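As structure tokens, the structure follows; a few thoughts come after it.
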DNA sequence: CGCGCCCGTGTAACCGGTTTCAACGATAGG
DNA sequence: CCTATCGTTGAAACCGGTTACACGGGCGCG
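Residue numbers (my numbering), protein chains in the order written: chain V, 94 to 422; chain G, 94 to 422.
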């Protein structure tokens, strides 16, 4: 007896009503007699009936699914962001599909195409630099989308994020305020990440800084820090555009036998959860990734439900002063 | 100005053929004249046509979507796992939806219900302890599912993962082999995580150990380590059931001014990417989370495409000997 | 030269819901 | 007591694909 999964018709037959009535009960329409509604609900429970999502999506033209495309899921900052997006969407009864792009435009395009063909109703994209084809594709399908991690009031597309340029400049000014003249910036790959470029440019707008690139992980931070330490005119502070890089830098300093902040100041970006536990605790730029994710998800859902247009939103970063930055000797 | 999104009918009209032919082209059926196929493909490209996923899912009863439910996305080990799952699914043209359960059974159940109602065709569940209602629900809907992070040959449900009990015992034996008599185990919350319970039991099966619980993050590891250090008969080795806890433990030791491994040995679990960069590099139990994710995804897709039954798979952990464990003084 | 077969294509029946509209009985108002 | 109205329900169209089946024309073969 291979019973089929159970359709609305089975429910209707069981209570001797039409499928229209069952559908009305499912959707909470008010023009159903209370007694009927109870009978139907009872049957639905008895049969463990769940409506076929494809059929529902077909007639309503809604899938209640939004997609995000991120460079990597293994990065804490994206994971944090995604967690917030998922939670917010779940609260509203939406589901989240995601794909990773590795920061490569073609992969991102392919991912969007796939997710579109999967029924995603809205997109949350990371960063700002995306091929024109991408936005054309999305526009053509009339699918709303936002860029995140970036705030750019001049962008034609709504951006929900930070002013990376300004934040980096602020961080540099902070370090200079502490007395640092020679600052080295440690950053991730520039070619696949427009935020990194914006931050570096921002830092340079505030003061001349040396820049060292490393992979966006602890090993990369360690290596970039080693390169910075090897400079003839050694810097007195390391400004890392990710806490992960900062952790690597701390390890490099430990290996080199340099104390923090005594012999070298270190500052991070992101304010990941563990930064307060470091010894010494890390001074870092707090970036409200969770709030950002929540806002992006909230706006997208609102747009989908009520049609209100998406609006850019800027989130401020704040410097969290802890123990890893001190005036140079 | 194109109003609607464009349906198969628009494509058919444009080339003066029937929708059946267009559909055949879309699905690569071989009984289409090459000339016709080219014309149709040309029209599809010109119109930027993408088939409506809901309609397709409705008639084929396939959504090409797999779901995972994990305790948290912010945890590196899950992020790593999810990354592998996503990559594997993407290669096969499948999409990944996910929801987080926080390790709470009701949240997990609600998430599964939602994902089912979203069209997920298969499930990858984390851990082994799930309410009977959950498996009943899935069985009833005839949706295949696997448990991961756990290998249990006796389970009725296919499990793809490690033998947590045996691995923990192996770790304890390793530390004893290094000469440690007093070992403290640092673990995450037991009530929401059956793997943690299995590991603790495994450790105890190999030798009597003291156990300290902390939240599954760096702060939790730090706090649990402090508790362990405060013991009257201080342990000589800290076995941490997560690298994240181990990092916290290292910070606690740094604060207490204890050297690793001179005054205290530390061992982790997971072999996260940064563990090799720690100073000293962390000795840890490598858990092939990526391989596990890949295998779970691969099997699920195969099951969905060809119907072959899911099979449990065991992945071995291996101890990566680095610098953080040494014989006690 | 005619028959049958196969190839390419179209017609129409589904898939399982939502929703419009009409019909029905009961009730209230004149 | 008759009729207008309301509340409840069902019939059927529709969403946009897939696919079984029918059909017509060209070709090989007898």
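Backbone N, C-alpha and C fix where the C-beta goes; we use that ideal spot for every residue, glycine too. Here the structure is a predicted model, which is why all the values come from computation and not from measurement.
For the stretch 213-238 of chain V, which residues have a beta carbon sitting closer than 8 Å to at least one beta carbon of chain G?
Listed by position, the residues of the stretch 213-238 of chain V near chain G (Cβ gap below 8 Å) are 230, 233, 234 and 235.
Would you give the residue range spanned by the beta strand (DSSP E) that residue 274/G belongs to?
Locating residue 274/G in the second chain gives position 181, counting from the first residue. Counted as a single uninterrupted DSSP element, the stretch harbouring residue 274/G is not any beta strand (DSSP E), since DSSP gives it neither H nor E.
According to DSSP, simplified to helix, strand and coil, what is residue 409/V?
Position 316 of the first chain holds residue 409/V. Coil at residue 409/V, not helix or strand.
C-alpha distance - residue 353/V paired with residue 290/G, whole-angstrom precision:
As a position in the first chain, residue 353/V is number 260, starting the count at 1. As a position in the second chain, residue 290/G is number 197, starting the count at 1. Near 38 Å, if we compare the C-alpha coordinates of residue 290/G and residue 353/V.
Residue 159/G and residue 204/G - do their beta-carbons sit closer together than 8 Å?
By one-based count along the second chain, residue 204/G stands at place 111. By one-based count along the second chain, residue 159/G stands at place 66. Their beta carbons are not under 8 Å apart, which means residue 204/G does not touch residue 159/G by this criterion.
Can you name, in chain order, every residue of its own chain whose Cβ lies under 6 Å from the Cβ of residue 315/G, other than the five neighbours on each side?
The residue you call residue 315/G lines up with position 222 of the second chain. In its chain, beyond the 5 residues on either side, 341, 344 and 345 have a beta carbon closer than 6 Å to the beta carbon of residue 315/G.
Can you pull the chain V residues whose beta carbon is under 7 Å from the beta carbon of residue 334/G, in chain order?
In the second chain, the residue the question calls residue 334/G occupies position 241. Those within 7 Å of residue 334/G in chain V number zero; the least Cβ separation is about 17 Å.
Would you mind stating whether residue 265/V and residue 189/V have Cβ atoms separated by less than 8 Å?
Translated into positions along the first chain, residue 265/V becomes position 172. Translated into positions along the first chain, residue 189/V becomes position 96. Note that the C-beta distance between residue 265/V and residue 189/V is not below 8 Å.
Just to confirm my understanding: we take residue 359/V, look at its own chain, exclude 5 residues before and 5 after, and list those with CB closer than 8 Å. What are they?
Residue mapping note: residue 359/V aligns to position 266 of the first chain, counting from 1. The residues are 330, 331, 333, 339, 342, 343, 346, 353, 375, 376, 417 and 418.
Opening and closing residue of the beta strand (DSSP E) in which residue 158/G lies
Working through the second chain from its first residue, we reach residue 158/G at position 65. Counting along the chain, the beta strand (DSSP E) containing residue 158/G begins and ends at 158-163.
What is the DSSP secondary structure of residue 179/V, counted as helix, strand or coil?
Position 86 of the first chain, counting from 1, holds the residue named residue 179/V. In the structure shown, residue 179/V sits in a helix (DSSP, three-state: H, G or I).
Among 392/V, 369/V, 404/V and 100/V, whose alpha-carbon lies nearest the alpha-carbon of residue 234/G?
Within the second chain, numbered from 1, the residue matching residue 234/G stands at position 141. Restricting attention to 392/V, 369/V, 404/V and 100/V, the CA atom closest to the CA of residue 234/G is found in 100/V.
Proximity of residue 309/V and residue 337/V at Cβ, strictly below 8 Å:
By one-based count along the first chain, residue 309/V stands at place 216. By one-based count along the first chain, residue 337/V stands at place 244. Yes, these two residues count as a Cβ contact at 8 Å.
Please return the same chain residues whose Cβ sits closer than 7 Å to the Cβ of residue 112/G, not counting the five positions on each side in sequence.
Reading the second chain from its first residue, position 19 is the one you call residue 112/G. Within the same chain, residue 112/G has close Cβ partners 101, 102 and 105.
With the cut-off set at 8 Å, would you say residue 245/V and residue 221/V are in Cβ contact?
Counting from 1 along the first chain, the entry for residue 245/V is found at position 152. Counting from 1 along the first chain, the entry for residue 221/V is found at position 128. Taking 8 Å as the Cβ cut-off, residue 245/V and residue 221/V qualify as a contacting pair.
Residues that residue 166/V contacts on chain G, provided the C-beta gap is smaller than 9 Å
Residue 166/V sits at position 73 when you count from the first residue of the first chain. Correct list: 166, 172, 173, 175, 176 and 179.
Residue range of the unbroken beta strand (DSSP E) whose run includes residue 103/V
Numbered from 1 along the first chain, position 10 holds the residue referred to as residue 103/V. Residue 103/V -> not in any beta strand (DSSP E); alpha helix (DSSP H) instead, spanning 101-108.
Do you know whose CA, among 183/V, 123/V and 378/V, lies nearest residue 386/V's CA?
Along the first chain, read from residue 1 onward, the residue named residue 386/V stands at position 293. Taking only the C-alpha atoms, the option nearest residue 386/V is 183/V.
Output, in sequence order along the chain, the residues in the stretch 127-150 of chain G whose CB is closer than 9 Å to any CB in chain V.
Listed in sequence order: 141, 143, 144, 145, 146, 147, 148, 149 and 150.
Within 10 angstroms of its Cβ, does residue 149/V collect 16 or more other Cβ (buried), or is it exposed?
Your numbering for residue 149/V matches position 56 in the first chain. Per the 10 Å Cβ criterion, buried.
At 4 residues or longer, what runs of the alpha helix (DSSP H) sit wholly inside the stretch 220-281 of chain V?
Counting only runs of 4 or more, we get 225-233 and 257-270.
Compute the distance between the beta-carbons of residue 210/G and residue 146/V, then report whether it is under 8 Å.
For the purposes of this step, residue 210/G is taken as residue 117 along the second chain, with counting starting at 1. For the purposes of this step, residue 146/V is taken as residue 53 along the first chain, with counting starting at 1. Closer than 8 Å, so yes.
Checking contacts by CB at 8 Å: is residue 340/G closer than that to chain V?
Numbered from 1 along the second chain, position 247 holds the residue referred to as residue 340/G. Interface residue (Cβ-Cβ distance to chain V less than 8 Å): residue 340/G is classified as such.
Contact with chain G by residue 157/V, beta-carbon distance below 8 Å
Taking the first residue of the first chain as position 1, residue 157/V is located at position 64. It does: the Cβ of residue 157/V has a partner Cβ on chain G nearer than 8 Å.
Could you tell me if residue 96/G is buried or exposed, where buried requires 16 or more neighbouring beta carbons within 10 angstroms of its beta carbon?
For the purposes of this step, residue 96/G is taken as residue 3 along the second chain, with counting starting at 1. Low confidence applies to residue 96/G: its pLDDT is 44, below 50, so where it sits in the model is not reliable enough to give any reading.
For residue 135/V, the first and last residue of its enclosing alpha helix (DSSP H):
Here residue 135/V refers to the residue found at position 42 of the first chain. Start and end: 127-140.
Hey, is residue 362/V's beta-carbon within less than 8 Å of any beta-carbon in chain G?
For this step, residue 362/V is matched to residue 269 along the first chain. The C-beta of residue 362/V comes no closer than 8 Å to any C-beta of chain G.
Helix, strand or coil, according to DSSP, for residue 114/V in the structure here?
As a first step, residue 114/V must be located in the first chain, where it is residue number 21. Helix, per DSSP.
Would you mind stating whether residue 133/V and residue 115/V have Cβ atoms separated by less than 8 Å?
Within the first chain, the letter at position 40 stands for residue 133/V. Within the first chain, the letter at position 22 stands for residue 115/V. Yes, they are a contact pair.
Per DSSP, cross-strand counterpart(s) of residue 360/G
Within the second chain, numbered from 1, the residue matching residue 360/G stands at position 267. Residue 360/G is bridged to 332/G and 376/G.
To which residues does DSSP link residue 306/V through a beta bridge?
As a first step, residue 306/V must be located in the first chain, where it is residue number 213. Residue pairing by DSSP puts residue 306/V in a beta bridge opposite 280/V.
I want to verify the contact list: residues of chain G whose CB lies under 8 Å from the CB of residue 430/V, in sequence order.
Since the first residue of chain V shown is 94 and the last is 422, residue 430/V is not available in this structure.
In whole angstroms, what is the alpha-carbon distance linking residue 361/V and residue 365/G?
In the first chain, counting from the first residue as 1, residue 361/V sits at position 268. In the second chain, counting from the first residue as 1, residue 365/G sits at position 272. Residue 361/V and residue 365/G have their alpha carbons spaced roughly 21 Å apart.
Check whether the Cβ of residue 356/G lies closer than 8 Å to any Cβ atom in chain V.
Translated into the one-based positions of the second chain, residue 356/G becomes position 263. Closer than 8 Å: no.
Kindly give me the distance between the Cβ atoms of residue 227/V and residue 258/V, rounded to whole angstroms, as I take these residues to be in contact under 8 Å.
Numbered from its first residue, the first chain carries residue 227/V at position 134. Numbered from its first residue, the first chain carries residue 258/V at position 165. About 23 Å separates the two Cβ atoms, so there is no contact after all.
Determine the DSSP secondary structure at residue 188/V, reduced to helix, strand or coil.
On the first chain, residue 188/V is found 95 positions in, with the first residue counted as 1. DSSP places residue 188/V in strand when its eight states are reduced to three.
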